[in-house]
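Listed in order, the protein sequences are those of chains B and Y.
Read left to right, the first sequence gives residues 0 to 335 (numbering that gives the first Met the number 0).
Read left to right, the second sequence gives residues 0 to 284 (numbering that gives the first Met the number 0).
Backbone N, C-alpha and C define an ideal beta-carbon position, used for all residues, glycine too.
Shown next, in structure tokens, is the structure this report addresses.
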Amino acid sequence: MTTEIFLTRLKRSQFGRGGLMLVLVALFLLPLVVRHNDYILHVFMQALLFATLALAWNILGMSGAISLGHAAFFGAGAYASALLSLDAGFTPWVAIPLGGLLAAGLGLTMGLICMRLRGAYFALATLAFVEIPKVITDNWDGLTHGSLGLVGIPGLPALRIGAWHINIGDSITASYYFVYVYALLLLGLVAFLFRSNLGLALQAIREEESAAESLGIQADIYRSLCLFLSAFFTGISGACYAHLVRYIEPGLAYGIHFSAIPLVFAICGGRFTVIGPVLAALILYPMDQFVFHPLFPAGHEFLYGAVLILAVLFMPAGLWGTFSRNRDFCTLYDKK
Amino acid sequence: MYTTLFISSISLGSFYTLIALGFALIYGVTRYFNLAHGELLVLAGYVAYWTWKSWSWPFLLTFPVAVAVMLPVCFGLQRIFARIREPRELNSIVLSFGVAILIQNGMLLCFKGDYRLIRVPILNQGYHFGSFYISYAQLTLLLLSLTAIGCLYLLMQHTYVGKALRATIQDKEAAALAGINVAVMGTIAFGLGAVLIGLAGPLYGCIHYLYPSGGHEATLLAITITIFAGVGRLRGIILAGWIMGLAESLAVVFWGASWREMVSALILLTLLALRPHGIFGREGT
């Protein structure tokens, strides 16, 4: 009996892993298939970038916390990297990690402020926290060029590996592969993190914090580490966004859009799963761009609100958490 | 100058109280955080704008229309909220965040992104009273807000329904044991919330530009005032509203208008970090 369950479980998880492999291979081959359609490639590049946002959000999400304010880290990373390369003359390869570090610093600051807050109150604090870097960026004209935004941010420079010379900034295909590789690396890292002791500790904290602490898990340290990593990678994604789109302004970079996107993808995909958020990003964003944008040019993002509501009401474990029954991560909902 | 500043902060603060009351009442009775509060407010403002603009109704008649639209919307929202599972507070935040995105984009779809303002010419005039000056807009804000707050106060303190509502705010289970129908109290809270939003929306539309994403700030304000006062403290909310009005006016005077948005966020973060149960609240209430 137990072996039987074990086998079905194995099959399912194999199927899941195989499905993911298929998606990744399809995405790898995509530029070869849609050679003459930059728009499709652009949409999938954004979808992959948003998948990295959802992955980064989910590092914090795994600890049970919900953030409504990841736009703070996105905007900080984007602005720091854009300003460093635009005004201080850094190459984006240096500016992007520095942007990530600034965002991570901001994350730690938020962690200090919200040290004692859990659940709903933590979420409210994150909602308020976004306003601070936003208003500062908006008003510190001398440093950030104020509310006009930044135009002409340098694109990603060419990459030289031996005899290879890849012009990432100029070609959409190269940009696409750049984001693809970044998303793949982050996916690998997140998967590794959650299979490591950190993942187990987070699971324990999420289920019952005082019990976890009585086992010697230092919840505050793990939580801060999560926030640090989550903010760092959100900042990196923001910085990549700035160099890919090459235009940012405070209202956009710190806007509710970039707080909502990772939240919606992570919750719809499955908050306590590794793969779910990525799949949700790859399904929902192209759906938004290809189906809803042509139909409703003005308010097409109502899709995100609608799927978020549906997910909270009918599928709290998310798409992946419900259908894959990936028992490693979905204990909370499997108990029933 | 300081009297004028004081008058404008008190009138703005009373209006903030009016905005926050609906949020605080719904949160107090049902423990649902309604992050779509600001969006509902802007929606009520748009409703008033359209009745005023396309049917050219007088401004005062837009209030009943806005209330009439808000009631079914809020009851619908309550039906959605009623379906969420544990942990309810957190899930209500995520759910209403989704509702906020939905309403925001719905408004973008219906009303486009243009900035709109309900222009009532008489409100731009004012009244000189000795050395100080109060504009009719400020007077309207002050009088209407205080009347609404006063009516709600009377309802809460001097009627049976008010008593039942207060009991539900204090302890849901004990209230249920005492024979109060908690579910009905939730419906009443959402209904009162709808009335308050319907009253605040048109006022919001005539002192503030209406645009689809403008509700976020009002939501933050409502959260800040509610947390400031502590759950279910009506008098505390009035005081908190005035303090917010004063703080924002002072920030505008000393730092400039663009820093105003940060005031409520800073106050909320400080409160959450130091006194999560509110200035006037007690632990465990």
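Look at HIS41 of chain B here: in three-state DSSP terms it is helix. In this structure the region 178-198 of chain Y does not touch the region 85-105 of chain Y; the number of beta carbon pairs closer than 8 Å is below three. Look at the region 253-275 of chain Y: the residues with a C-beta under 8 Å from a C-beta of chain B are GLY255, SER257, TRP258, GLU260, MET261, SER263, ALA264, LEU265, LEU267, LEU268, LEU271, ALA272, PRO275. Here ILE167 of chain B carries a coil assignment [DSSP, helix/strand/coil]. With 16 or more other Cβ atoms inside 10 Å of its own Cβ, THR143 of chain B counts as buried. DSSP places GLY125 of chain Y within a strand segment (E or B) once states are collapsed to three. Looking at the backbone, the Cα of ALA203 of chain B and that of ALA211 of chain B are separated by about 5 Å. Unbroken alpha helix (DSSP H) stretches of 4 residues or longer found wholly inside the region 173-238 of chain Y: 181-206, 214-228, given in chain order. The beta carbons of GLY231 of chain Y and GLY75 of chain Y sit no closer together than 8 Å.
Here GLY185 of chain Y has VAL28, THR29, GLN77 as same chain residues with Cβ atoms under 7 Å from its own Cβ, once five neighbours each way along the sequence are excluded. By the Cβ-count criterion, HIS35 of chain B is exposed, with fewer than 16 other Cβ atoms from all chains shown falling within 10 Å of its own Cβ. In this structure, ALA77 of chain B keeps its C-beta atom at 8 Å or more from the C-beta atom of SER84 of chain B. Against chain B, a Cβ distance below 7 Å from GLU88 of chain Y picks out GLY118, ALA119. Using a Cβ-Cβ cut-off of 8 Å, LEU101 of chain Y counts as an interface residue toward chain B, since at least one Cβ of chain B sits closer than that to its own. Scanning the region 182-226 of chain B for uninterrupted alpha helix (DSSP H) segments of 4 residues or longer gives 196-206, 208-213, listed from N- to C-terminal end. Within 9 Å of the CB of VAL134 of chain B, the CB atoms of chain Y belong to SER257, TRP258, ARG259, GLU260, MET261, ALA264, in sequence order along the chain. Under DSSP, the beta-bridge partners assigned to ILE133 of chain Y are Y:TYR126. The three-state reading of DSSP puts TYR246 of chain B in strand, counting E and B together. Within chain Y, the C-beta atoms nearer than 9 Å to that of GLY304 of chain B come from PHE96, GLY97, VAL98, ALA99, ILE100, LEU101, ILE102, GLN103, ASN104, GLY105, in chain order.
Here GLY190 of chain Y has no same chain residue with a Cβ atom under 6 Å from its own Cβ, once five neighbours each way along the sequence are excluded.
One Cα belongs to SER62 of chain B, the other to LEU199 of chain B, and the distance between them is close to 10 Å. Annotation for ARG259 of chain Y: no beta strand (DSSP E) segment contains it, though the alpha helix (DSSP H) segment containing it runs 259-273. Distance between TYR114 of chain Y and TYR208 of chain Y, taken at the CA atoms: about 6 Å. Taking a C-beta distance under 8 Å as the contact criterion, VAL129 of chain B and TRP258 of chain Y do not qualify as a contact pair.
Per DSSP, ARG159 of chain B is one residue of the beta strand (DSSP E) stretching across 158-160.
Note that the region 87-106 of chain B does not touch the region 169-186 of chain B; fewer than 3 beta-carbon pairs, one per stretch, sit closer than 8 Å. Chain B places a beta carbon closer than 8 Å to that of LYS111 of chain Y, counting this residue as a contact.
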